[in-house]
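>
Number of protein chains: 2
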Amino acid sequence: MKIGIIGGGAIGLLCASYLSQQHDITVFTRRNEQAKEIRASGIERTVRGETFRAVAHADTGVKGIFDLLIVTVKYHHLQDVLDELSTLPRQRILFLQNGMAHLLDLENWKTAHQLYIGVVEHGAMKVSDHAVAHTGIGVIKWGAFHHKEAADVRNELNETSAHFQMVYTDEWKKVLEEKLLVNVCINPLTALLHVKNGELIANASYEYMMKCAFEEAVSVLGLSEKERLWSHVVSICDKTAANQSSMLQDIVKGRQTERKAIVGYLLKQAQAQEILTPHLAFFNRSLEVLEKKQTKSFE
Amino acid sequence: MKIGIIGGGAIGLLCASYLSQQHDITVFTRRNEQAKEIRASGIERTVRGETFRAVAHADTGVKGIFDLLIVTVKYHHLQDVLDELSTLPRQRILFLQNGMAHLLDLENWKTAHQLYIGVVEHGAMKVSDHAVAHTGIGVIKWGAFHHKEAADVRNELNETSAHFQMVYTDEWKKVLEEKLLVNVCINPLTALLHVKNGELIANASYEYMMKCAFEEAVSVLGLSEKERLWSHVVSICDKTAANQSSMLQDIVKGRQTERKAIVGYLLKQAQAQEILTPHLAFFNRSLEVLEKKQTKSFE
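Residue numbers (UniProt numbering), protein chains in the order written: chain A, 1 to 299; chain B, 1 to 299.
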């Protein structure tokens with residue numbers, strides 16, 4: 001297939017690198033500099049100590065017609081991308097954002113495009129503008145957002161590398177919700193407390209606070225199987241004990257966090273359902289303060 | 001009386017200014033610059049639009065023998081002052097720190113001095129090295145820390161200005177505890193959320209979080225009359241709705257907060273009693289992160 005990948009971050013480069021084995025790839029970046037570098041050097045992927053080089057086209061903006069477009073930008077850049085995509089002829093678009101806030105934007109998006117949603121379960125770290133480290137081998141679970149006609153893309157995407165499986169599922173929303181639940185338990189707390197993931201279960205007070213966030217999120221999402229889900233959250237803290245969460249890394253590096261995609265979505269849903277979520281509201285506001293480094297002036 | 005006042009902050013200057021009406025005052029400052037300025041210009045106090053000038057001696061360090069020494073430094077400078085005071089001949093010393101952490105230090109202090117504890121209920125703001133604004137007229141409640149012999153100082157201190165009453169009470173510990181309770185409810189939350197005091201009762205989520213801190217603090221302090229105390233906390237938020245708490249101001253101005261004196265004391269007491277105080281532990285750690293601006297590197 002002819003695949004366009006929008007976004008040159010860790011996930012964009014990872015997708016481009018693996019999918020280039022079977023497909024013709026174009027990476028669309030925001031900065032011309034990065035597009036140039038990808039054209040000149042290809043994309044380097046390091047996995048388990050080995051480095052692979054992939055060839056891809058690269059350009060800025062989004063133009064042309066593809067068999068599949070994959071949108072890998074962070075949620076806070078999504079609206080700009082949707083505006084660009086609105087100008088393109090009808091095509092298939094797969095969205096790989098974290099959190100669930102993008103579902104609300106897609107629901108309100110008046111478009112003829114065929115939309116798909118995917119959940120990335122890989123670990124990846126951008127090393128440079130043309131290099132990515134594949135730090136955790138997982139899968140991408142994906143499905144059709146509105147309609148049912150996914151069969152053609154589905155067959156094409158079945159043929160990917162063993163380290164980069166694309167698993168089709170009608171249950172993508174459940175997958176998204178469980179990932180959101182894990183994220184909202186781990187990300188805000190680790191960022192506010194400045195601790196690694198494992199500390200959330202090593203310290204009884206922090207675990208209690210995580211349980212407060214968990215209870216509120218479970219109630220907003222209307223999830224059953226609370227016991228299984230809590231064990232799942234705890235097991236992720238355990239497995240990733242030595243890791244810094246992405247939100248902690250964003251705060252440390254002075255970048256915008258995925259706060260709106262994760263906590264913001266839950267707060268919107270809570271408000272609509274008139275559920276009080278004090279811990280989530282607190283995390284949201286204090287993360288905002290930390291992000292803006294509002295420590296110099298008042299208002 | 002010959003009174004020495006240790007510390008040239010808002011409370012130090014306020015005490016010096018009022019007490020100079022009946023007593024011979026020496027202010028001990030950390031910086032020589034400030035001592036010089038007080039000697040040259042006296043102390044200016046502004047209250048309800050009027051400005052009064054007081055004359056006082058001023059010096060650095062602490063030396064000499066006084067009828068009363070008043071220690072007005074913040075808790076995080078107290079240990080240095082105790083070390084200095086240890087070298088002086090036996091005298092009467094009144095401690096005016098916020099929070100309750102200083103009680104633990106004084107209990108462990110091997111000294112022949114006669115110790116008194118006071119609780120400041122004034123509002124005051126340092127305007128310059130020799131000027132203070134008296135923004136809220138209250139009282140100082142004080143009592144003897146260990147022994148009972150306070151009669152002589154008590155009589156002398158009864159003769160203060162109407163705007164600066166010194167009220168003797170055997171119940172000073174209860175007064176201290178109630179002030180600590182208000183502080184631990186309002187200060188950390190306003191600093192972390194970057195909101196004025198009134199917002200804590202205007203927003204249902206924030207009020208819920210304040211109630212969590214309240215419950216934990218009440219349990220650690222073993223206080224009864226929970227309903228009256230909660231109404232008291234809420235009424236303070238209401239009366240000071242437009243104010244920025246001192247902890248918020250400290251964070252905004254990049255200064256060290258009174259975190260250890262307030263939250264730190266409660267955490268120590270909680271640990272000794274094996275009470276879980278997850279919200280207080282969370283506030284303590286996230287304030288520490290905000291104070292240290294640990295947003296650049298990890299560990």
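By construction, the Cβ of each residue, glycine as well, lies at the ideal position given by its N, Cα and C atoms.
What are the boundary residues of the alpha helix (DSSP H) that D152 (chain B) is part of?
That run of the alpha helix (DSSP H) goes 151 to 157.
> Got a sec: is the Cβ-Cβ distance from T295 (chain B) to anything in chain A below 8 Å?
With a pLDDT of 42 at T295 (chain B), under the threshold of 50, the modelled position of this residue cannot be trusted; read the value that follows with caution. For T295 (chain B), the answer is yes, since a Cβ of chain A falls inside 8 Å of its Cβ.
> Below 6 Å CB to CB, which residues in the same chain sit around R39 (chain B) once its five sequence neighbours on both sides are set aside?
Excluding sequence neighbours, R39 (chain B) sits near A58.
> Going by DSSP, what residue range makes up the beta strand (DSSP E) through residue 303 (chain B)?
Past the boundaries of the shown model lies residue 303 (chain B); chain B is included only from 1 to 299, so the question cannot be answered.
> Against chain B, with Cβ distances strictly below 8 Å, would F298 (chain A) count as a contact?
With a pLDDT of 41 at F298 (chain A), under the threshold of 50, the predicted position of this residue should be treated as unreliable, though the coordinate-derived value follows. Judged by the 8 Å Cβ criterion, F298 (chain A) is in contact with chain B.
> On the three-state DSSP scale, how would you describe T190 (chain A)?
In this structure, T190 (chain A) counts as helix in the three-state DSSP scheme.
> Taking buried to mean at least 16 other C-beta atoms within 10 Å of its own C-beta, is Q79 (chain B) buried or exposed?
Its Cβ having fewer than 16 others within 10 Å, Q79 (chain B) is exposed.
> Which one of A:N32, A:L290, A:T60 has the shortest CA to CA distance from P188 (chain A)?
Ranking A:N32, A:L290, A:T60 by Cα distance to P188 (chain A) puts A:L290 first.
> To which residues does DSSP link G143 (chain B) through a beta bridge?
BP columns for G143 (chain B) point to B:I117.
> Any idea what DSSP makes of G99 (chain B), helix, strand or coil?
Looking at G99 (chain B) - three-state DSSP - the assignment turns out to be coil, as it is neither helix nor strand.
> Mind listing the chain B neighbours of A281 (chain A)? Cutoff is C-beta to C-beta under 7 Å, in chain order.
Simply S205.
> Pull up the distance between the alpha-carbon of I5 (chain B) and that of A131 (chain B), whole angstroms please.
The alpha-carbon atoms of I5 (chain B) and A131 (chain B) are separated by roughly 15 Å.
> How many whole angstroms separate the CB atoms of K260 (chain A) and A101 (chain A), which I take to be in contact at a CB cut-off of 8 Å?
The pair is a contact, with the Cβ atoms about 6 Å apart (cut-off 8 Å).
> Quick check on N284 (chain A): buried or exposed, where buried means 16 or more other Cβ atoms within 10 Å of its Cβ?
Looking at its Cβ environment, which holds 16 or more other Cβ atoms inside 10 Å, N284 (chain A) is buried.
> Against chain B, which members of the stretch 169 to 199 of chain A pass a CB distance test of less than 7 Å?
Of all residues in the stretch 169 to 199 of chain A, L192, L193, H194 have a Cβ within less than 7 Å of some Cβ in chain B.
> Please list, in chain order, all residues of the same chain as L82 (chain B) whose beta carbon is under 7 Å from its beta carbon, the five residues on each side excluded.
Closer than 7 Å at Cβ, skipping near neighbours: D105, W109.
> Under the rule that 16 or more other beta-carbon atoms within 10 Å means buried, what is D250 (chain A), buried or exposed?
Flag for D250 (chain A) reads buried.
> Which residue's Cα is closest to the Cα of H163 (chain B): B:E216, B:L19, B:M1?
Ranking the options by Cα distance to H163 (chain B), first place goes to B:L19.
> When you compare only the Cα positions, how much space is there between W142 (chain A) and V62 (chain A)?
Going by the C-alpha atoms only, they are around 22 Å apart.
> Within 8 Å, do at least three Cβ pairs link the stretch 60 to 76 of chain A to the stretch 90 to 98 of chain A?
Output reads yes: the stretch 60 to 76 of chain A touches the stretch 90 to 98 of chain A.
> List, in chain order, every chain A residue whose beta-carbon is nearer than 9 Å to that of Y265 (chain B).
Going along chain A, no residue has its Cβ under 9 Å from Y265 (chain B), so there is no contact; the nearest lies around 16 Å.
> Can you check whether the CB of L103 (chain B) is closer than 8 Å to the CB of L181 (chain B)?
No, Cβ-Cβ distance for L181 (chain B) and L103 (chain B) is not below 8 Å.
> For a contact meaning CB atoms closer than 7 Å, what does M209 (chain A) contact in chain B?
Within 7 Å Cβ-Cβ: P278, F282.
> Where residue 301 (chain A) and L223 (chain A) are concerned, what is the direct C-alpha to C-alpha distance, given to the nearest angstrom?
Outside the modelled stretch of chain A, which goes from 1 to 299, sits residue 301 (chain A), for which no answer is possible.
> Given this structure, state the Cα-to-Cα distance separating M247 (chain A) from K253 (chain B), to the nearest angstrom.
So the two alpha carbons sit approximately 25 Å from each other.
> Go ahead and pull the three-state DSSP assignment for G136 (chain A).
Residue state, collapsed to three classes: strand.
> Measuring straight from C-alpha to C-alpha, what distance separates V153 (chain A) and T160 (chain A)?
Their Cα atoms are separated by approximately 12 Å.
> Throw me the rounded Cβ distance for the E156 (chain A) and V139 (chain A) pair, which I believe falls under 8 Å.
Contact flag wrong, Cβ pair sits at about 16 Å.
> What's the gap between the Cα of T60 (chain A) and the Cα of G12 (chain A)?
So the two alpha carbons sit approximately 14 Å from each other.
> Per DSSP, what are the beta-bridge partners of L94 (chain B) in this structure?
Answer is B:I70, B:Y116.
> So is V289 (chain A) in contact with chain B if we call contact Cβ pairs under 8 Å?
Closer than 8 Å to some Cβ of chain B, the Cβ of V289 (chain A) qualifies, so yes.
> Taking only three categories from DSSP, how would you classify D59 (chain A)?
Note: D59 (chain A) maps to strand in three-state DSSP.
> Find the nearest neighbour of residue 300 (chain A) within the set A:H23, A:E171, A:I43, A:D129, judged by alpha-carbon distance.
Look at the range of chain A in this structure, 1 to 299, and you will see that residue 300 (chain A) is not part of it.
> By Cβ distance, which residues of its chain are closer than 7 Å to C15 (chain B), with the 5 residues on each side in sequence left out?
Contacts found: I5, I70, T72.
> Nearest to T169 (chain A) by alpha carbon, out of A:T87, A:V47, A:G118?
Ranking the options by Cα distance to T169 (chain A), first place goes to A:G118.
> Kindly identify the DSSP beta-bridge partner or partners of residue 302 (chain B).
The structure shown has nothing for residue 302 (chain B), since chain B only spans 1 to 299.
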